[in-house]
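In what follows, a structure is listed as structure tokens, so that the remarks can point back to it.
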Amino acid sequence: MTDSFLRRAIALAAEAAAAGDPPFGSLLVGPDGTVLAEERNTSVTDGDITAHPELKLARWAARHLDRAVAAGTTMYTSCEPCGMCAGAIARSGLGAVVFALSGAQLAGLKSAAANALITEVPQRGPALYDEARVPVEAYYAAQEA
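Numbering-wise, the sequence shown is residues 1 to 145 according to my numbering.
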């Protein structure tokens, strides 16, 4: 059954490419094997760099599924989720991810010019710890109360 779900994710990726978007597709399958939702990449057609199918499904799950149901789901996706999507998947509480292509395999299939578009942004920090911790500590203390 895993193969059929992955094939559907690949078909969604082909639909995305046919629409002029990057070729990525995903579906979310419930604990009973029912397809709960499907998405494809729409980052170009929506003009939204975050319109990855994995992120859209993670957001859908966080809005529509309780934590226990979400924990029993599996996301099937045409490619290994990027860092942004992996973070959203973890926060949404999904149970598992199965992907067809790894990130390394994807990089090997893309041109050097396409790979060069994604660069690391320099980061500096931490800074102002004593000031920055105040709202964080207050938030989590209120959550525990």
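From the three backbone atoms N, C-alpha and C, an ideal C-beta is built for every residue, glycine too.
Where residue i falls, given that 16 or more other Cβ within 10 Å makes a residue buried
i	result
Ile118	exposed
Arg7	exposed
Ala16	buried
Gly125	exposed
Ile89	buried
Ala141	exposed
Ala145	exposed
Element boundaries [alpha helix (DSSP H), containing residue i]
i	result
Met75	Unbroken run through Met75 is the beta strand (DSSP E), Thr74 to Cys79; no alpha helix (DSSP H).
Val97	Unbroken run through Val97 is the beta strand (DSSP E), Ala96 to Leu101; no alpha helix (DSSP H).
Val69	Arg67 to Ala71
Ala37	Run containing Ala37: none in the alpha helix (DSSP H); it sits in the beta strand (DSSP E), Val35 to Arg40.
Leu57	Pro53 to His64
Ser92	Gly83 to Ser92
Residue span of the beta strand (DSSP E) that contains residue i, given as start and end
i	result
Arg124	Run containing Arg124: none; DSSP gives neither H nor E here.
Residue i versus residue j - alpha carbon distance
i	j	result
Glu39	Pro22	13 Å
Gly20	Val136	42 Å
Glu150	Leu55	The question about residue 150 has no answer, for the chain in this structure spans 1 to 145.
Met84	Gln143	25 Å
Met112	Ile49	Residue identity differs from the one stated: residue 112 is Ala in this sequence, not Met. Their backbone Cα atoms lie some 20 Å apart in a straight line.
Asp130	Gln123	19 Å
Contact belief for residue i with residue j at Cβ below 8 Å, rounded distance in angstroms
i	j	result
Leu27	Tyr76	5 Å
Gly93	Arg67	5 Å
Phe24	Ala11	That pair is no contact at about 12 Å.
On the three-pair Cβ rule with 8 Å, is the stretch 72-81 touching the stretch 91-108? yes
Taking contact to mean 3 or more Cβ pairs, one atom from each stretch, closer than 8 Å, check whether the stretch 29-46 and the stretch 61-73 are in contact. yes
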